Amino acid sequence: MADKQIIILGIESSCDDTSIAVLKGRRILSNFVANQEIHAEFGGVVPELASRAHQQNIIPVIEKGLKEANCTLQDIDAIAYTRGPGLLGSLLVGSSFAKGLSIGLNKPLVEVNHMKAHILAHFIEDNASTPNFPFLCLTVSGGHTQIVLVKSPLQMEVIGTTIDDAVGEAFDKAAKMMELPYPGGPLIDKYAKLGNPNAFPFKISNMKGYNYSFSGLKTGILYFLRKNKELNSNFIQENMNDICASVQHTIVATLLKKLEKAVTDFDIKEVAIAGGVSANSELRKQLKAKKEDGWIIHLPNFEYCTDNGAMIAMAGQFLFQNGSIGSLKNPPNPRMKF
Ligand code: KG4
Ligand code: ZN
Numbered sequence: 001m002a003d004k005q006i007i008i009l010g011i012e013s014s015c016d017d018t019s020i021a022v023l024k025g026r027r028i029l030s031n032f033v034a035n036q037e038i039h040a041e042f043g044g045v046v047p048e049l050a051s052r053a054h055q056q057n058i059i060p061v062i063e064k065g066l067k068e069a070n071c072t073l074q075d076i077d078a079i080a081y082t083r084g085p086g087l088l089g090s091l092l093v094g095s096s097f098a099k100g101l102s103i104g105l106n107k108p109l110v111e112v113n114h115m116k117a118h119i120l121a122h123f124i125e126d127n128a129s130t131p132n133f134p135f136l137c138l139t140v141s142g143g144h145t146q147i148v149l150v151k152s153p154l155q156m157e158v159i160g161t162t163i164d165d166a167v168g169e170a171f172d173k174a175a176k177m178m179e180l181p182y183p184g185g186p187l188i189d190k191y192a193k194l195g196n197p198n199a200f201p202f203k204i205s206n207m208k209g210y211n212y213s214f215s216g217l218k219t220g221i222l223y224f225l226r227k228n229k230e231l232n233s234n235f236i237q238e239n240m241n242d243i244c245a246s247v248q249h250t251i252v253a254t255l256l257k258k259l260e261k262a263v264t265d266f267d268i269k270e271v272a273i274a275g276g277v278s279a280n281s282e283l284r285k286q287l288k289a290k291k292e293d294g295w296i297i298h299l300p301n302f303e304y305c306t307d308n309g310a311m312i313a314m315a316g317q318f319l320f321q322n323g324s325i326g327s328l329k330n331p332p333n334p335r336m337k338f
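Counting in the working numbering, the sequence shown runs from 1 upward without gaps.
The structure is reproduced here in structure tokens:
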């Protein structure tokens, strides 16, 4: 990158995390995330509560982020924010804030697509490795499940997607059925470490091409738990580790099946993962094992897996360098296209 010293402020507020980051070139100077614990008791994100919490968090998070980066707002060259996809009320907080800053400071705005930013987080300097183009990225989050062919930072093509639930949603819904709090994905990961992945077999879906489906698994788990709870009301508590390991094993096998097909068909062995579920330890372990088949694997740092401002700043850096400047007139876009 020619002008490495450009400083970008990244603002992320698409779901339930309020985050800002300061990025200089590709180096993160600060990356603060305020999580919203309020949703745990409701078993999922409550949009109205999420937007209120963003309002409360955004100023303290910005203040902390600038202090940690040893920066003032005057040092920022451009303001990158998540325009979509996401929850409208949540997006409105970040986008209005970004626009206010842009007007007040007379600095350019950069509109970032959240899903592309998850992928571009790989180009932040302190990751263990950086992918070479072209590469395949399995983007797995609470809202999306995609296999993306990444030709350059700004040229990406979705080659496969879920036709129903996202994989993070599958983790969270399975956890909810096991009476675990939201977000259940990290808890399933934790309990699975102590369980037998082959204890309870669940079906691996097989959709057309590189597509995924997780709704069948959700129904399978529901009937499985219902049947066993009728026989033993403590079934879940007594088998928590084995159920979690079995569910996780099925989900990871489903993800890998289509990824393997894409690697073979496109003859691209450079493979990355992104999004909240890329923090999953079993997915990371099984991907690392693929190195034996010649795959070149890129796993993002944990802080760049779940939603964060750093990835928005990194995507913003690429867009800004490309002259892609946003408009104050553009509203947030909850269904923003890839
Ligand atoms: O990317 P992200 O932070 O937000 C969205 O854009 O959706 O992803 C959140 C999702 C949640 O569904 C959460 O349960 C899941 O990522 N997740 C995990 C793990 N850590 C987060 N799922 C499985 N194992 C994990 N370790
Ligand atoms: Zn995300």
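Every residue gets a Cβ at the ideal spot worked out from N, C-alpha and C, and that includes glycine.
None of these values were measured; they are calculated from a predicted model.
Original post:
Mind listing, in chain order, the residues whose beta carbon lies closer than 5 Å to a non-hydrogen atom of ligand 2?
Top reply: Ser-141, Asp-307
Subject >> Entirely enclosed beta strand (DSSP E) segments - the stretch 247-293, minimum 3 residues >> reply: 270-274
**OP:** Return the CA-CA distance between Asn-127 and Leu-120, expressed in angstroms with no decimal places.
**Re:** Sequence index remark: in the sequence shown, residue 127 carries index 127 (1-based). Sequence index remark: in the sequence shown, residue 120 carries index 120 (1-based). The straight-line gap from Cα to Cα measures roughly 11 Å.
Subject >> C-beta contact flag for Ile-8 and Leu-29 at 8 Å >> reply: To locate residue 8, count along the sequence shown from 1; it is residue 8. To locate residue 29, count along the sequence shown from 1; it is residue 29. No, the pair does not count as a contact, with Cβ atoms beyond the cut-off.
Original post:
Would DSSP call His-298 helix, strand or coil?
Top reply: Stepping through the sequence shown from its first residue, residue 298 is reached at position 298. Strand at His-298.
Original post:
Is it the case that the Cβ atoms of Tyr-182 and Gly-316 are separated by a distance below 8 Å?
Top reply: Residue 182 sits at position 182 when you count from the first residue of the sequence shown. Residue 316 sits at position 316 when you count from the first residue of the sequence shown. Not a contact, by the Cβ cut-off of 8 Å.
**OP:** Tell me whether the beta-carbon of Ile-147 lies closer than 8 Å to the beta-carbon of Gly-160.
**Re:** Translated into the one-based positions of the sequence shown, residue 147 becomes position 147. Translated into the one-based positions of the sequence shown, residue 160 becomes position 160. Yes, the pair counts as a contact, with Cβ atoms nearer than the cut-off.
**OP:** Mark Ala-2 as exposed unless 16 or more other C-beta atoms lie within 10 angstroms of its C-beta, in which case mark it buried.
**Re:** Looking up residue 2 in the sequence shown gives position 2. Caution applies to Ala-2, whose pLDDT of 47 falls short of 50 and renders its modelled position unreliable; the value that the coordinates give is listed next. By the neighbour-count rule (16 or more Cβ atoms within 10 Å), Ala-2 is not buried but exposed.
Original post:
If you draw a straight line from the alpha carbon of Ile-273 to that of Cys-137, how long is it in whole angstroms?
Top reply: Your numbering for residue 273 matches position 273 in the sequence shown. Your numbering for residue 137 matches position 137 in the sequence shown. Spanning the two alpha carbons is a distance of roughly 5 Å.
Original post:
ligand 1 heavy atoms versus the CB of Asp-189: any closer than 7 Å?
Top reply: Along the sequence shown, one-based indexing puts residue 189 at 189. Within the cutoff, so yes.
Subject >> CA-to-CA distance, Asn-232 to Gly-276, given in whole angstroms >> reply: Stepping through the sequence shown from its first residue, residue 276 is reached at position 276. Stepping through the sequence shown from its first residue, residue 232 is reached at position 232. Roughly 34 Å separates the two Cα atoms.
Original post:
Is Asn-228 near ligand 1, with its Cβ less than 7 Å from a heavy atom?
Top reply: Within the sequence shown, residue 228 is the residue found at index 228, counting from 1. Every heavy atom of ligand 1 is 7 Å or more from the Cβ of Asn-228, so no.
Original post:
Any idea what DSSP makes of Leu-83, helix, strand or coil?
Top reply: Translated into positions along the sequence shown, residue 83 becomes position 83. The amino acid occupying residue 83 in the given sequence is Arg; Leu does not appear at that position. Three-state DSSP puts Arg-83 in a strand.
Original post:
Are the Cβ atoms of Ile-11 and Gly-323 separated by less than 8 Å?
Top reply: For the purposes of this step, residue 11 is taken as residue 11 along the sequence shown, with counting starting at 1. For the purposes of this step, residue 323 is taken as residue 323 along the sequence shown, with counting starting at 1. No, the pair does not count as a contact, with Cβ atoms beyond the cut-off.
Original post:
With burial defined as no fewer than 16 other Cβ atoms inside 10 Å of the residue's Cβ, what is the status of Tyr-223: buried or exposed?
Top reply: The residue you call residue 223 lines up with position 223 of the sequence shown. So Tyr-223 ends up on the exposed side.
**OP:** Measure the C-alpha to C-alpha separation of Asp-307 and Ala-34 and round it to an integer number of angstroms.
**Re:** As a first step, residue 307 must be located in the sequence shown, where it is residue number 307. As a first step, residue 34 must be located in the sequence shown, where it is residue number 34. So the alpha carbons of these two residues sit roughly 10 Å apart.
Original post:
Count the other CB atoms within 10 Å of the CB of Arg-343; is the residue buried (16 or more) or exposed (fewer)?
Top reply: This structure leaves residue 343 out entirely; the chain is present only between 1 and 338.
**OP:** Within the same chain, show all residues whose beta-carbon is closer than 7 Å to that of Asp-164, passing over the 5 residues directly before and after it, in chain order.
**Re:** Counting from 1 along the sequence shown, the entry for residue 164 is found at position 164. Excluding sequence neighbours, Asp-164 sits near Ser-213, Phe-214, Ser-215.
Original post:
At a cut of 8 Å, does the stretch 191-202 reach the stretch 234-248 through at least three beta carbon pairs?
Top reply: yes
**OP:** Go ahead and label Asn-239 buried or exposed: buried means 16 or more other beta carbons lie within 10 angstroms of its beta carbon, across all protein chains shown.
**Re:** Counting from 1 along the sequence shown, the entry for residue 239 is found at position 239. Its Cβ being crowded by 16 or more others within 10 Å, Asn-239 is buried.
Original post:
Should Asn-280 be counted as a contact of ligand 1 given a C-beta to heavy atom distance under 7 Å?
Top reply: What you label residue 280 is simply residue 280 of the sequence shown in a count that begins at 1. True, at least one ligand heavy atom lies under 7 Å from that Cβ.
**OP:** Measure the C-alpha to C-alpha separation of His-122 and Asn-228 and round it to an integer number of angstroms.
**Re:** Working through the sequence shown from its first residue, we reach residue 122 at position 122. Working through the sequence shown from its first residue, we reach residue 228 at position 228. Approximately 43 Å between the Cα atoms of the pair.
Subject >> Run of the beta strand (DSSP E) containing Gln-342, from where it starts to where it stops >> reply: Beyond the ends of the chain as shown, which are 1 and 338, falls residue 342; an answer cannot be given.
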